[in-house]
Every structure is written in structure tokens, then in C-alpha cells.
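Below: one structure, written as C-alpha cells.
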Amino acid sequence: MLSSRQKSVLTKLLRSNHYVTIEFLAKWQNVSGRTIRYDLDAIDDMLKQAGAPLKREPGKGVFLHVGEEKRAELFRIAEGHQVFFDKNVHIAMMSLFAIMHETVTIQQLADEFHLSRSSIQKYLPDIEETLDRFGLQLARQARKGFLVNGTERSIRRAIFHWLTDKQVDLERVERWFDCEKDGGRGQIDRWLRSCQEDRQVFYSEGSLRVLTIFLCWWYERILHGHYVYIPQEEREAGHRLGELSEVVSALCDNRTAEHEHAFLNTLLGQAKVVSYKNDAVLGESYQKEKDFCTYLLEQISTILQVDLLKDKKLMNDLLYHMKAAFLRIEQGLVIDNPYTEEIKVRYRAIYEMVHQITADMGYTLVAAEVAFITMHVSAGFDRSKSKRFLPTVIVVCSTGLATSSILTTKLQQAEPGFHLINVVNTEDLEKALEESDVDFVLTTQELPIKQWNETKIFRVSPLLNDEDKRTIQHEAQKMINRKQLACFNQVYAHASAVEPTLFDETVHTANTSDWKESIALAAAPLLKAGYIRQGYVQEMIMSVERNGTYMVFLPKVAFVHAGPENVIKEGISMTIFEHEIDFGSFNPERVEVVIVLAIKEAHNQDFLQLFRYLETQEKREQLITKWIGRKSAT
Numbered sequence: 267m268l269s270s271r272q273k274s275v276l277t278k279l280l281r282s283n284h285y286v287t288i289e290f291l292a293k294w295q296n297v298s299g300r301t302i303r304y305d306l307d308a309i310d311d312m313l314k315q316a317g318a319p320l321k322r323e324p325g326k327g328v329f330l331h332v333g334e335e336k337r338a339e340l341f342r343i344a345e346g347h348q349v350f351f352d353k354n355v356h357i358a359m360m361s362l363f364a365i366m367h368e369t370v371t372i373q374q375l376a377d378e379f380h381l382s383r384s385s386i387q388k389y390l391p392d393i394e395e396t397l398d399r400f401g402l403q404l405a406r407q408a409r410k411g412f413l414v415n416g417t418e419r420s421i422r423r424a425i426f427h428w429l430t431d432k433q434v435d436l437e438r439v440e441r442w443f444d445c446e447k448d449g450g451r452g453q454i455d456r457w458l459r460s461c462q463e464d465r466q467v468f469y470s471e472g473s474l475r476v477l478t479i480f481l482c483w484w485y486e487r488i489l490h491g492h493y494v495y496i497p498q499e500e501r502e503a504g505h506r507l508g509e510l511s512e513v514v515s516a517l518c519d520n521r522t523a524e525h526e527h528a529f530l531n532t533l534l535g536q537a538k539v540v541s542y543k544n545d546a547v548l549g550e551s552y553q554k555e556k557d558f559c560t561y562l563l564e565q566i567s568t569i570l571q572v573d574l575l576k577d578k579k580l581m582n583d584l585l586y587h588m589k590a591a592f593l594r595i596e597q598g599l600v601i602d603n604p605y606t607e608e609i610k611v612r613y614r615a616i617y618e619m620v621h622q623i624t625a626d627m628g629y630t631l632v633a634a635e636v637a638f639i640t641m642h643v644s645a646g647f648d649r650s651k652s653k654r655f656l657p658t659v660i661v662v663c664s665t666g667l668a669t670s671s672i673l674t675t676k677l678q679q680a681e682p683g684f685h686l687i688n689v690v691n692t693e694d695l696e697k698a699l700e701e702s703d704v705d706f707v708l709t710t711q712e713l714p715i716k717q718w719n720e721t722k723i724f725r726v727s728p729l730l731n732d733e734d735k736r737t738i739q740h741e742a743q744k745m746i747n748r749k750q751l752a753c754f755n756q757v758y759a760h761a762s763a764v765e766p767t768l769f770d771e772t773v774h775t776a777n778t779s780d781w782k783e784s785i786a787l788a789a790a791p792l793l794k795a796g797y798i799r800q801g802y803v804q805e806m807i808m809s810v811e812r813n814g815t816y817m818v819f820l821p822k823v824a825f826v827h828a829g830p831e832n833v834i835k836e837g838i839s840m841t842i843f844e845h846e847i848d849f850g851s852f853n854p855e856r857v858e859v860v861i862v863l864a865i866k867e868a869h870n871q872d873f874l875q876l877f878r879y880l881e882t883q884e885k886r887e888q889l890i891t892k893w894i895g896r897k898s899a900t
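Positions in the sequence shown are counted from 1; adding 266 to them yields the numbering used here.
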């Protein structure tokens, strides 16, 4: 997906009938030429999928030459509308179109997706393979087109799976059905309101949209006599469906209604909830979820040395989430979490705890589910007001008691909290640093030193303005994350001790002073070998710009990664730079090693294994020497 700046650059290229220089684009966007080159790489990567690569000529610039039809599609991208160039998205949308209609012809698919009949023919084997994963078959009918065959339950499961896929264009799907016909939309809205009231929950806007589309299709399906079968062991005794229960009873006989009630109860149970009433779980069996949540919170409480089990809100929130999560797992449904990558960076320690502990329990959870659980646990930890991992701080102030008093008061009020060791004057700072284990120093005046060994020194206003707060809070969260990771690593030292491997068994070296270029250089081996797409490089850079330098989990070592969409094959690449780099734009870190993690799945343990092997300088040097020696021997 292109950033807003990249969309602006794309628009400029589409409107130009001649070559445009990088210098011009850089001045126009007020960025460096290197940034424009990164943007052009991302644009070119997308355009290649569209069959319209950029032309680049040294000394002339860049030029985009496309036909009018393709130009219109590209303008839609630049304007923020979704257009499908990714093959997997095309396949998902065409499969969904075929399955949601009784029959479909090649011409209908060609018209709907603006492709030629021959292109549709080429997609058919992929569509058949995709449908097969749900136990469905694409049957050819003479002079009628295609019909999707399979059990009603498999058909419904496939449709709901695709409707919840973040790549699917729901706006387009909504156009396939006239939900407004005969007051249908109002009727479905009423059903969902009554369901929420009966279940004592409030669904997210995204869930309501998906449920509305699905129920619109489901209602037509029922009217045409297509009913579902649910095995006895999967039919719960009770159901909470509001008016939907009466609708089903009116349309079906008692035996059929029993199956439809069970299906809808499961469907509504796995939808994403934003809030609930305290007694919403009463009368239902939550033993499996209670066992899961109790064990998970016990283990994390032991690691973090805090009692998370006494947090009733955390337990209730987790119970509700896991009730829906287990239903999603049983149905093979993958939920979208737009914050997954941000959670991996900002709350990596708790994310890894959840990942490791649930894996030990025998559960293989997708990254989105791990991230959601991490969000619940992190919120509970924050509510505990635990001071165990708070950063230790020394304040330097030589201008008087009033200045130091207001600064220390402001510091005590700031989140997430700080351990204030001492307030000292300039002359006593070095002695205080030698005697204490300090995470960072705050000073109200200019100091002759910018950093003491690995301890950062921040110049702040005694009033702690917004920028000061943002900086020290960012630093504090990094310190907390590092301490929690170290503690987790110590407690879980028995866990997988498999030595991590580099995809090409090579420790690369490079030289640059630009942190963005350092990411591009570190990713280059993976890109060249076909492990990642160009978009992965841009996504990693954007992650650092968006989240700051949380990914520097160890001194001078940055672990960079992005979402799995641009990962072709999993692998790790390590690059050592000749000189330390100021890594990141906001609150930068001194970095000499950049590790690129190309990861697809949540259960991949590459990060944790790397962290364990690189945690100390001694272990880091031993492993790197070993890797270099192994390559030299080949």
C-alpha cells in the first residue's frame, strides 16, 4: 500500500507527458533525493504488478507511460480507491463473487473485474485451488457457466472468511447485493441490535458491516431453501439471537431451525466486540477460556512479578476475547488486527511472552490474535501500577530548589512513571553515575557531556513541555520493554535454544550514515534473493518513522521487520556497519548492527532465538565470529 506522499508522486507522474527528475520531485515534496528514490522503488514495485513499470533514464529522470484505461485505474489508486493488482486479492475477490452467486460465467467475471476472458481463464485453476481449501469445487455447466459445489456449511464458512479478510473490498461486495430492497437493510440492522441486546454486547463497526453483508446474503439463501447442518456435539443447548431466532423459526421447520440457530450462535459469538455488560458471560460455559486465561496470566504474573489475576476487568476482557478467538480457530477464521506490527514493536516483551506461553499450551495462534491478547495483558499491567520495570533517572539541576522541585513533581506525574534516584548538580553528576545504575539523565542546563557510556542525557525544560514528555516517555517505554525482555529471557531460558541461522549464512558489512539507507542495505540480500518485495523495505522504514526506535531491543542492535504481506519466504539477514549510525528520526539510538527479519507467521521464533544469542556483547561477538568463520570455511 502506498503512503500519501507516494500517491502524490504517482499522481504527478501520471499527469506528466515527459521525464521528471528526482531533484524536481525532492524539492516539490521537500524531502531528500534518497527518500524520493525509496518512494519510486515502492511505486515501481506496485506498478510492475499492474503491468506498467516505471522508465528510469540516468540524466533524464523517470517517466510513466501507460494507456488511458490503465491510467484511469492508477488515478484511482492515487485518489485512495482500491484497485486490485495483487494476484492473491484478485483470486479472493473472484472466488467470493463466484460463491456468493448461484452461477457465474466467465463473461460476468470479466465484466466485474475489468479483465479479458483469457485472463479469467488463466485465473480459474487458482480459484479452484482456493475453493478446494474449504472443501468446495468449481463445477462447469454446459451453457450456464460455473457452479460452486460443497456443503452449505463450507460455503458459508468460506464466505465469512473472505468477508473478514482485510484485502477484500467490502464496498464492492456490498454492490453485489441490494440490501436496501424491501427495507432489507433496516430489517438487518434491527436484527443485529436485538442480537447485541440479547447477548449484552456491542460489536465493532467492522464486525457490524461484515455481519450485515453476510446476513443479507444468508437471508436470500434461506429463502431459496439452502439450509445448514451442524453436528450434534457442536450444537449448544441455548442461543441468544434476539429477533433472528424468531426469523429462523418462521422460515424453517423445527429440526432445520435447530441447525440454523446453532450456526448463527457460533457466527455471532466469533464477531469482534468493543464492549459488554458485566453479566454478559453469566449462564454460559467458559471453563475452557477460564483455564486458558488463568494459566496465561499466572505465567506472565510470575515473569513480571505482579498479580494480574486480581484484575477482574482483565480477566473478563480476556474471557470474552478468547471465547470468540476459540470459535474463530475452530472455524479457520483469521481476524484482522490493524495494530499487530505496532504491538510487536512497542510491546515486544509481552508479545513474546504470550506467544511462547500459548505455544507451550499447545495453541498455534496467528499474529493478530497474539497481538490482541498482548493488548489486553499490557493494559492490565499498566493498571497494576507496578514499579518493577520503571526506568531509573537522575536529575541535574544547579539553578535552585524551585526549578528542581517543579521538574521532579512533573516527572512524578508523567506516565509511565520513573524511579528518581537523586537530584544533583553538575559537579556531582559523574560520581552519581558511577555509584548508581541509571537508565538516563534529565538536565535543565547544557552539560559538557552528551552521554555517559551507554547512558543517555536529555536536556529538558523544568516545566516538561509536550516535546520533552514525548521524548522521555518514549525512552521510558523502551527501557521497560528491554527490562521485561531480559526478565522473560531469564525465566524462559529453558525454552527453544536452537541456534538462529542467517538465510545466506553470511554476515554482511556496509557503510552509511543514513539510517533509512542502513535498512535498505541490510534488506538488500533478502531482496536480491527473492525473500521479500521492495515494499517490505519501505514498510520497515515507515515503521521506524511511525513508532520510533523501540526495535533497538539490545544496545546498538536494531531488529527491523514489517507486516507479512511483502514477505515471499522467511529469512534473516544481518549487516554490521563500519561506523555507528544515529538510527531513527525521533529519539535516535546509536546502532552498529541491523537485523532484518522477514517473518510470515506468529509462531516463528527467530526473534526470540536471536535475542537470546545476542543479549550480551560477549555472546554477540562469539556468534558473529562463528558465523563469519563458518562462511570462510566454505
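No residue lacks a Cβ here, since even glycine has one placed at the ideal position from N, Cα and C.
Computed from a predicted model, the values in this text were never measured in an experiment.
Restricting attention to L730, D694, P657 and C663, the CA atom closest to the CA of K722 is found in P657. Between the segment 571 to 585 and the segment 396 to 415, the count of Cβ pairs shorter than 8 angstroms is below three; the stretches do not touch. Inside the segment 538 to 615, DSSP marks whole alpha helix (DSSP H) runs of 4 or more residues at positions 553 to 570, 578 to 597 and 606 to 612, from first to last along the chain. Note that the segment 810 to 823 touches the segment 603 to 612; at least 3 beta-carbon pairs, one per stretch, sit closer than 8 angstroms. H845 sits in a strand when the DSSP states are folded into three classes. Segment contact: the segment 422 to 437 against the segment 354 to 370, three or more CB-CB distances shorter than 8 angstroms; contact assigned.
In this structure, the CA atom of E596 is about 39 angstroms from the CA atom of V860. Residue pairing for Y469: DSSP places it in a beta bridge opposite V539.
The shortest C-alpha to C-alpha distance from D310 to any of H356, H331, G504 and D464 is the one to H331. The beta-carbon separation of E440 and I479, rounded to 6 angstroms, stays under the 8 angstroms limit for a contact.
Judged by DSSP in its simplified three-state form, A680 adopts coil rather than helix or strand. In the DSSP assignment, V689 forms a beta bridge with V661. When C-alpha distances from R322 are compared across R303, F873 and E335, the shortest belongs to R303. Each residue's CA atom was taken as its position, placing G450 and C482 some 7 angstroms apart. If you compare the alpha carbons of E512, Y561 and H527 with that of E502, the shortest gap goes to H527. Contact annotation, R725 with E712: C-beta distance approximately 7 angstroms; criterion of less than 8 angstroms satisfied.
For the pair W781 and I847, the CB atoms are nearer than the 8 angstroms cut-off. Under the criterion of beta carbons closer than 8 angstroms, I672 and E635 do not qualify as touching, at roughly 45 angstroms. Counting C-beta atoms within 10 angstroms of its own C-beta, M619 has 16 or more neighbours from the protein chains shown and is therefore classed as buried. Non-local C-beta neighbours of T396 in its own chain, meaning closer than 8 angstroms and more than five positions away in sequence, comprise I357, A358 and S361, ordered along the chain.
If the five residues before and after F329 are omitted, its C-beta is found closer than 6 angstroms to the C-beta atoms of Y285 and K321, all from its own chain and listed in chain order. I838 is bridged by DSSP to L863. For A824, the pairing in a beta bridge is given by DSSP as V860. Put simply, the segment 865 to 879 touches the segment 819 to 826. At least three CB pairs are less than 8 angstroms apart. For V757, the uninterrupted alpha helix (DSSP H) run begins and ends at D732 to V757, by DSSP. S784 and I639 have their C-alpha atoms spaced approximately 33 angstroms apart. In the structure shown, L874 adopts helical secondary structure according to DSSP, grouped into three states. The C-beta distance from E844 to N777 rounds to 4 angstroms, short enough to fall under 8 angstroms. Judged by DSSP in its simplified three-state form, L481 adopts helix. Within the same chain, and ignoring the five residues on either side of M806 in sequence, the residues whose Cβ sits closer than 8 angstroms to its Cβ are I785, A789, V826, H827, A828 and V862. Sequence-distant partners of G401 (beyond 5 residues in either direction) whose C-beta falls short of 8 angstroms from its own C-beta, in its chain, are G416, T417 and S420. Within the same chain, no Cβ atom closer than 8 angstroms to the Cβ of N520 is found once the five residues on either side in sequence are excluded. Under the DSSP definition of a beta bridge, V833 partners with I798. In the DSSP annotation of this structure, the continuous segment of the beta strand (DSSP E) that includes E323 starts and ends at K321 to E323. Assignment of beta-bridge partners to K326 by DSSP yields no partner.
Distance from the CA atom of Y493 to the CA atom of L429, rounded to whole angstroms, is 20 angstroms.
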